[in-house]
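Novice: My questions will all concern the structure given below.
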Amino acid sequence: MLVSVLIPSRDRVDILKNSISSLLDNAKNSDRIEILVKFDFDDVQTITRFNSLTFRKQDKVLFGERFRGYKDHYLFLNDLAKLSTGEFLFTWNDDTTMMSKDWDEEISNYSSQFVVLKPQHNMSTLQWFNGNPIYPKKWVEICGHVAMNCHTDNWIHDIATELGIQKEAKMIIRNDAKHWGGFVDDQTYRQGSIFQYDHQDYYGLEKTRLREYDKEQIKNYLNTCKK
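Positions 10 to 236 (my numbering) are the ones given, in order, by the sequence shown.
Okay, here's the thing in structure tokens:
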């Protein structure tokens, strides 16, 4: 597998189907892409409609505890990453749409390289920010996780920027969440409002220490590769 797409999702079967379709329909070789989705045990509506979703043999579905919802978003990604077999992991949202044809071919250009790719997006603000990072599976093998805070995109972006390993990817994605100017403003969005995220926890002493540890681990790995 070239790419494993990690998607935590809740109560959004139709939006999720469209999001996954945008990834597979725009891929040059969808057989090299695996879709990994995690649902909550208490998401009764999704479980009831689960059979209406179309998954291929290489795709995987995981059910688990909701924990604290969006505040524990990173736990969902960490669980999905453990199941992944792709060379690269792609953190994805169920309310995000892939706009570029052959986007997987762009990733394949960086095969065997330890880089973090930053897709272009439609957000009028934070154009510098990597909201849906694409990173090597080796990242998880080195650190033992994707991230340790719900701001997983910040976590990866900050480390990759400081180490100089982030590159602009030639692909465009559309974020449809309301706070990015999109149309998705449902119960899932309101319950997981960005204002409920652990902003202070991200910059707290413990998380800062863990982030620095991850950075040093990756830095050591990169230095070893140069020898």
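No residue lacks a Cβ here, since even glycine has one placed at the ideal position from N, Cα and C.
#1: Rounded to the nearest angstrom, what separates Lys152 and Arg19 at their Cα positions?
#2: Apply the 10 Å Cβ neighbour rule to Arg21 and answer buried if 16 or more other Cβ atoms are within range, or exposed otherwise.
#3: Per DSSP, which residues does Asn184 bridge with? Please list them.
#4: Rounding to the nearest angstrom, what Cα-Cα distance links Ile182 and Asn38 in this structure?
#5: Using a Cβ-Cβ cut-off of 8 Å (strictly less than) and excluding sequence neighbours within five positions of Glu74, which residues of its own chain qualify?
#6: Between the C-alpha atoms of Ile116 and Met107, what's the straight-line distance to the nearest angstrom?
#7: Which whole runs of the alpha helix (DSSP H) in the stretch 152-179 are 4 residues long or more, in chain order?
#8: CA-CA distance, Leu219 and Met157?
#9: What residues are listed by DSSP as bridge partners for Ser13?
#10: What residues match up with Ser130 in a beta bridge as DSSP calls it?
#11: Between which residues of its own chain and Leu33 is the CB-CB distance below 6 Å, once the five residues before and five after are set aside?
#12: How many Å lie between Asp68 and Ile44 at the Cα?
#13: To the nearest angstrom, report how far apart Val46 and Gln196 are at their CA atoms.
#14: Could you have a look at Thr73 and say whether DSSP puts it in helix, strand or coil?
#15: Apart from the five residues on each side of it in sequence, which residues of its chain come closer than 7 Å, Cβ to Cβ, to Lys2?
#16: Hey, would you say Thr105 sits closer than 8 Å to Asn229, going by beta carbons?
#17: Please report the distance separating the alpha-carbon of Lys221 from that of Ile165.
#18: CB Met180 to CB Pro128, shorter than 8 Å?
#19: What residue range does the beta strand (DSSP E) around Tyr222 cover?
Specialist: This is what the structure holds:
#1: Lys is not the amino acid found at residue 152; the sequence shown has Cys there. Spanning the two alpha carbons is a distance of roughly 27 Å.
#2: buried
#3: Thr105
#4: 18 Å
#5: Asp49, Phe50
#6: 14 Å
#7: 161-172
#8: 8 Å
#9: Glu43, Leu98
#10: The sequence shown places His at residue 130, not Ser. Bridge partners of His130: Ile182.
#11: Ser39
#12: 5 Å
#13: 19 Å
#14: The sequence given here has Gly at residue 73, not Thr. Of the three classes helix, strand and coil, the one that applies to Gly73 here is strand, per DSSP.
#15: The structure shown does not extend to residue 2, since the chain spans only 10 to 236, so no value can be given for it.
#16: no
#17: It should be pointed out that residue 221 corresponds to Glu in this sequence rather than to Lys. One C-alpha to the other measures close to 12 Å.
#18: yes
#19: It is not in any beta strand (DSSP E) - Tyr222 instead sits in the alpha helix (DSSP H) that spans 214-235.
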